[in-house]
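Residue numbers (our numbering), protein chains in the order written: chain A, 1 to 236; chain B, 237 to 1039. We put the beta carbon where it would ideally sit given N, CA and C, even for glycine.
Given below as structure tokens:
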């Protein structure tokens, strides 16, 4: 952990309560979290512990019921929908468990999509998309449709899409969940190499084997952070 | 039948889809079957008499045009070569004023026919008897047969009416029988009240051009219409040889009666309506194919599982098709109810000769067509989804469901094509309706050369028995004109032998140099006999010279007034006034001096003829017709109708004025069926528009539903609501634009077709097409915008939930 780096993500007392049929479900309770630039953090825990809710708040897909969230020095918990969309587009790169590529867009168009929403000129988009695809080793598949790729290849395209906009943080939600162990390992290696080049990565996983790839693992249980573990402590 | 069971279970499981599909099919199939039953009745239904295929009409054509009516002289010549006919009946239409003590005189439409009528039509009277041979002798025809309708309405179905005497045009005649309703073939007789033995007047018997009679015959058992026509060729040759100017290129033809009674325009309109109703059905099928496709796409995994469990491709295909066929047959049954409803509306709306009585066909052929249309609809909208299901790649489909990408391009192509078709077809329907209805409005408001808004017209057929000399007719004209002119509110009143409501009648060859023998005869001009105040009453401006002097007499010099078109044709660089115009009348040349030129007038109610005709006006006193029209000029002509009728009956209680109406009323009445056609087109267009809008809405909604995850992903990647809205709108509107472009081409072609059969009414109208295109665009925009707005409400969390 590089403590000299400034804080990128800072959560203080974040709570998320869902109301269903007048029953309050506390998905998150008093989460405090500080993630610095260049860190590779995994959020681990069993199913239903609240880690996906935490990731959706981190990705500005959802808002906390209480508490504050500062992203890259800016409080974001009270932003409007369009402002959150703009920050998602510029600051956050998503890598989903089920890749979430758009079926009727080519690999190139999928990677280009977030840049299009940013209003980036076509020439710059082309450069960025090409670089991102080369970085994940998928440059030769730019004209293919997602259905023509294997699962591992689709996830690499999804990583390229997350990278293309040079986001402040990559949020990976069970990135190996839909992959076999060989492809899963390859994707983890890819994330590792991205981290080595300076990317900040926050990965949600329930698989302790993959969680150990991160520098720091935050264990969540019943909506609370129960333990933080550095890679050195876990022996990785 | 496991497929049938599966189909019914599947339909019950999706009540919304089943309901929408049934309603759509019922409308599409119902409208189509209804149109088929109308077309069947109009074009294919035989005359309601025994052995109808042997019943024929004799017609002819010359280089001057078609001849459907003949003169007595011509008919006698035809009879000489009529070996192919077992009987040949001459029909003439007449109007009689029927007067009875204590009741107002009533003008009745009568048909007079020659003595072979019973052999030709082979129908016995309901009560009483038919005419005896003696009653066809000249002067012995004071007997009439009533139509069942008229017998019921005028005499309350009194069976004791036989032997009763009534006065027709002042002449006592005896009712000898009532013909049954089935004899009343309205396409042939029109709105007829009575039949009477035909006695030709002197003029009718001696004037070759007095072509007021139709010739209906019954062919001998072994004769064909073509053979009968060929047998008449010797008559044609003889007539052309003896009267080359009257019969250039004369040819006879014999046509099955029910085919002869339908003119080309009506035939064209009938086929057009059937074709356009087919468009409604196609839109309905495209809608259902889209809905079915959407269901199929959703259920693709289920089909893949079935296939994985061993269902054959044929079985999957059969199950899908069976569902569609069950649905379409049920839709067909409901459609039949729609057919009965639409037919009852149309039977009340369609008039034959201004009267009700049209019956749409409801026979085995119509039921067969309904069944066939239902089955075909089921196959049309079911075959594509069924084919897709049967081609399910089990492995890919099952894997695709667990993979992390949204649906691919191929799934949408078929639906896109169907939506494009729907929009294009809807625009063709809208375009046709708009062109026709705007054309109708333009037609009513167009410049006709005469003042159609301040004129009341009527008909005064004078019985030749009573008005048998020119002097008597002229005296009657003066009394009537003077009486009408004295009425309060009347500015001018006049009489004429014909009016430009349809076309001026009595075409005669005109020339400035007598054509040499064998030389082409040259143009014909309508000859209209008028009283001197006619131009003032009609609001027709005199452009040069002057009109007829008020005191012009029968024995004065023969003078004429011509229209501008005729003056320009014969004297393009000179004034026509003072020139002489020759006319060929009754096989001799007559020269008359032009004293004035008036503006061209166009027919107010004729949609089919766009040409400006050559027109010659003559003083009525110099050719005193027994059939005259009255014209009354007033600021409010509609209010004067009863006054005019009363005034005429005060002059002659036995002579009621007939068809007294303003020009607008006349157009509405005479073109009633065309107005109904326009309304039907609007109905088709609105139905097509609604179906297309629902279809587009359904498809875009379905696409939005299927793309929910994709929208979530896009929103997660930073898309704004506007991006999503724009994306959905772009997709929908791109299809709409392609459909609109194709539809415009189709609508233009339809307008051209309508214009070819009604040149004065329908022409390709850019404004009308632009208006309906805009309307359809707005409808498609709304149909796309509603689901697009829903797409913007997608929670980006679905991107994570898709895990």
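query	result
Are any of the Cβ atoms in chain A nearer than 7 Å to that of residue 952 (chain B)?	yes
Can you tell me whether DSSP reads residue 443 (chain B) as helix, strand or coil?	coil
With respect to the alpha helix (DSSP H) encompassing residue 486 (chain B), which residues constitute its N-terminal and C-terminal limits?	Segment: none, residue 486 (chain B) is in no alpha helix (DSSP H) and carries neither H nor E.
Look at residue 509 (chain B) and residue 423 (chain B) and say whether their C-beta atoms are less than 7 Å apart.	no
Let me make sure I understand the geometry here. Which of B:527, B:761 and B:857 has the alpha-carbon closest to that of residue 614 (chain B)?	B:527
Quick one, are the C-beta atoms of residue 42 (chain A) and residue 211 (chain A) less than 7 Å apart?	yes
Taking any Cβ of chain B, which residues in the stretch 91-113 of chain A have a Cβ under 7 Å from it, in chain order?	94, 96, 97, 98, 99, 100, 101, 102, 103, 104 and 113
Kindly list, in the order they appear in chain A, the residues whose Cβ is closer than 7 Å to that of residue 1032 (chain B).	61
Measure from the alpha carbon of residue 168 (chain A) to the alpha carbon of each residue in A:47, A:78, A:155 and A:90, then state which is nearest.	A:90
Once you ignore the five residues that flank residue 272 (chain B) on each side, which residues in its own chain have a CB closer than 7 Å to its CB?	510, 602 and 605
Given residue 712 (chain B), which residues of its chain have a CB within under 8 Å of its CB, disregarding the five upstream and five downstream residues?	698, 703, 887 and 888
Does the beta-carbon distance from residue 183 (chain A) to residue 98 (chain A) come in below 7 Å?	no
Decide if residue 827 (chain B) is buried, meaning its Cβ has at least 16 other Cβ atoms within 10 Å, or exposed.	exposed
Contact between the stretch 395-414 of chain B and the stretch 376-383 of chain B: three or more CB pairs below 8 Å?	yes
Of all the CB atoms in chain A, is at least one closer than 7 Å to the CB of residue 583 (chain B)?	no
What residue ranges within the stretch 871-941 of chain B form continuous alpha helix (DSSP H) runs of no fewer than 4 residues, ordered along the chain?	877-887 and 899-906
From the DSSP output, in three-state form, read off residue 235 (chain A) for me.	A caution first: residue 235 (chain A) carries a pLDDT of 46, below 50, which makes its placement in the model too unreliable to give a value.
DSSP three-state label for residue 24 (chain A), please.	strand
How is residue 602 (chain B) classed by DSSP in three states: helix, strand or coil?	helix
Between which residues of its own chain and residue 111 (chain A) is the CB-CB distance below 7 Å, once the five residues before and five after are set aside?	129, 132, 133, 157, 160, 161 and 164
Residue 798 (chain B) and residue 852 (chain B): beta carbons closer than 7 Å?	yes
Beta-carbon within less than 8 Å of residue 225 (chain A)'s beta-carbon, same chain only, minus the 5 sequence neighbours each way: which residues are those?	31, 32, 33, 218 and 219
So that I know if they touch, is there some Cβ in chain A lying closer than 7 Å to that of residue 840 (chain B)?	no
Tell me where the alpha helix (DSSP H) around residue 227 (chain A) begins and ends.	Run containing residue 227 (chain A): none in the alpha helix (DSSP H); it sits in the beta strand (DSSP E), 224-230.
Rounding to the nearest angstrom, what Cα-Cα distance links residue 529 (chain B) and residue 258 (chain B) in this structure?	16 Å
So does the stretch 714-728 of chain B actually touch the stretch 756-765 of chain B, counting three or more Cβ pairs closer than 8 Å?	no
Quick one: Cα of residue 221 (chain A) to Cα of residue 138 (chain A), how far?	37 Å
Report the option in B:902, B:658 and B:431 whose CA atom is closest to the CA atom of residue 689 (chain B).	B:902
Take residue 105 (chain A) as the anchor and find which of B:949, B:279, B:956 and B:374 has the nearest alpha-carbon.	B:949
Who does residue 348 (chain B) pair with in a DSSP beta bridge?	B:328 and B:432
Checking 7 Å against the spacing of the C-beta atoms, do residue 69 (chain A) and residue 201 (chain A) come in under that value?	no
What are the uninterrupted segments assigned as alpha helix (DSSP H) that are 4 or more residues long and contained completely in the stretch 258-340 of chain B, given in chain order?	308-315
Please classify residue 236 (chain A) as buried or exposed, where buried requires at least 16 other C-beta atoms within 10 Å of its C-beta.	With a pLDDT of 44 at residue 236 (chain A), under the threshold of 50, the modelled position of this residue cannot be trusted, and the question is left open.
What is the DSSP secondary structure of residue 466 (chain B), counted as helix, strand or coil?	helix
Can you pull the chain A residues whose beta carbon is under 7 Å from the beta carbon of residue 959 (chain B), in chain order?	117
Looking at the structure shown, is residue 1031 (chain B) part of a helix, part of a strand, or coil, going by DSSP?	coil
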